Amino acid sequence: MDFKEKPNYKFDDLVQIVKILRAPGGCPWDREQTHKSIRSNFIEETYEAIEAIDTEDTELLKEELGDVLLQVALHSEIESEKNSFNIDDVCDEICKKLIIRHPHVFGNVNADTTEQVLKNWDAIKMRTKSQKSQTQAMESVSKALPSLMRSSKIQQKAAKVGFDWQDVNGALEKLDEECAELKEAIKNNDVENQKEELGDVLFSVVNVARFLNIDSEHALYDACDKFTNRFSKVEALAKERDIDMKTASIQTLDSLWEEVKNK
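Pasting the structure below:
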């Protein structure tokens, strides 16, 4: 094996290490991997990097970004073995994209505000991807995204051609309308329609969040944390009062919840 250990390593060393791991005589596990077999790993590593950002843990972020970079190197090496593309092609692609989409930096276009930069970015993106309609731009939003995030991106693209409420009140009225339709589907025991109407309610909630400049994904993230924190206190209070949560009535548990909430 032609590899020498070093005090410090760089990007090219990572690429070389991945090649060695995937080569005959390398690691059996690494050699078996495909794009699909490590798909979930990519998602997991990305979310772990996001958690490091959220917790402002710089050391952890450094580690997790390395794990994300490893995924990029692995996927690139898998294609390199097929003579399809390699890591250099990946770097070439993103460099060209950045140059093309920043004509105000690398060209002679003027863009003095963030708003103008984003407007130019969208126009260039549609042109380079041969998108001739806003529907095509919507369809280009990845279906692998978390659905709250995907909803927001689709709504933003609709808004760019004027398909939007004037203010949050219109979005709130639509939310009320969708909630009423969900209640009607539940009342009629229409199972198939219940699923559709629930989806409409969630989509409308994201629309309200967009008008309030709130990231719905983050809002739900915080709500999960808040619920977990309150539940732990309810559980502790129930134990203190010798209340069995499994057999206690919902009224009793709700009373404990309200007591914790008011504190």
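My numbering applies: residue 1275 is where the sequence shown begins, and numbers increase by one. Heads up, the beta-carbon is just placed ideally off N, CA and C, and yes, glycines get one too. What you are looking at is a predicted structure, and each value in this text was computed from that prediction instead of being measured.
According to the DSSP assignment, Thr1387 belongs to no alpha helix (DSSP H), since it is labelled neither H nor E. Residue environment analysis places Val1480 among the buried positions, since at least 16 neighbouring C-beta atoms fall within 10 angstroms of its C-beta. Per DSSP, the unbroken alpha helix (DSSP H) holding Trp1531 starts and ends at 1524 to 1536. Around Ile1352, the same chain offers Thr1308, His1309 as residues with beta carbons nearer than 7 Å, after the five sequence neighbours per side are excluded. In the three-state scheme derived from DSSP, where H, G and I count as helix and E and B as strand, Pro1377 is classed as helix. Looking at the backbone, the Cα of Val1475 and that of Cys1498 are separated by about 19 Å. In chain order, Glu1351 place their CB closer than 7 Å to the CB of Lys1293, counting only its own chain and leaving out the 5 sequence neighbours on each side.
Three or more Cβ pairs closer than 8 Å define a contact, and the stretch 1445 to 1453 falls short of that threshold against the stretch 1416 to 1428. Put simply, of Cys1453, Ile1317, Asp1518, Asp1328 the residue whose alpha carbon is nearest the alpha carbon of Leu1343 is Ile1317.
Taking 8 Å as the cut-off, the Cβ atoms of Leu1295 and Asp1286 do not count as close. For Gly1340, the uninterrupted alpha helix (DSSP H) run begins and ends at 1332 to 1354, by DSSP. For Ile1460, the CB contacts under 8 Å within the same chain, skipping 5 residues up- and downstream, are Gln1468 in chain order. In this structure Gln1290 does not touch Ile1312 by the C-beta definition: roughly 19 Å separates them, more than the 8 Å allowed. Contact between the stretch 1383 to 1394 and the stretch 1364 to 1374 is not established, with fewer than three Cβ pairs separated by less than 8 Å. In the three-state reduction of the DSSP assignment, Ser1358 falls in the coil class, being assigned neither a helical nor a strand state. One thing to note: Gln1405 has its Cβ within 8 Å of the Cβ of Ala1411.
The beta carbon of Leu1419 lies closer than 8 Å to those of Lys1427 in the same chain, with the five residues before and after it left out.
Relative to Asp1363, the option among His1376, His1349, Arg1375 whose CA is nearest is His1349. Nearest Cα to Ser1506 within the set Leu1335, Thr1402, Asn1462, Leu1530: Leu1530.
The alpha-carbon of Thr1332 is positioned some 7 Å away from that of Ala1326. Residue burial is scored here from C-beta neighbours: Leu1422 has at least 16 other C-beta atoms within 10 angstroms and is therefore classed as buried.
The shortest C-alpha to C-alpha distance from Lys1399 to any of Ser1414, Val1482, Asp1516, Val1508 is the one to Ser1414. Within the model, the alpha-carbon separation for Arg1515 versus Leu1288 is close to 57 Å.
For the options Pro1302, Ala1297, Asp1328, Lys1284, the alpha carbon positioned closest to that of Glu1491 is the one of Asp1328. Closest option to Asp1341, judged by alpha-carbon separation, among Arg1401, Ser1314, Cys1365, Ser1354: Ser1314.
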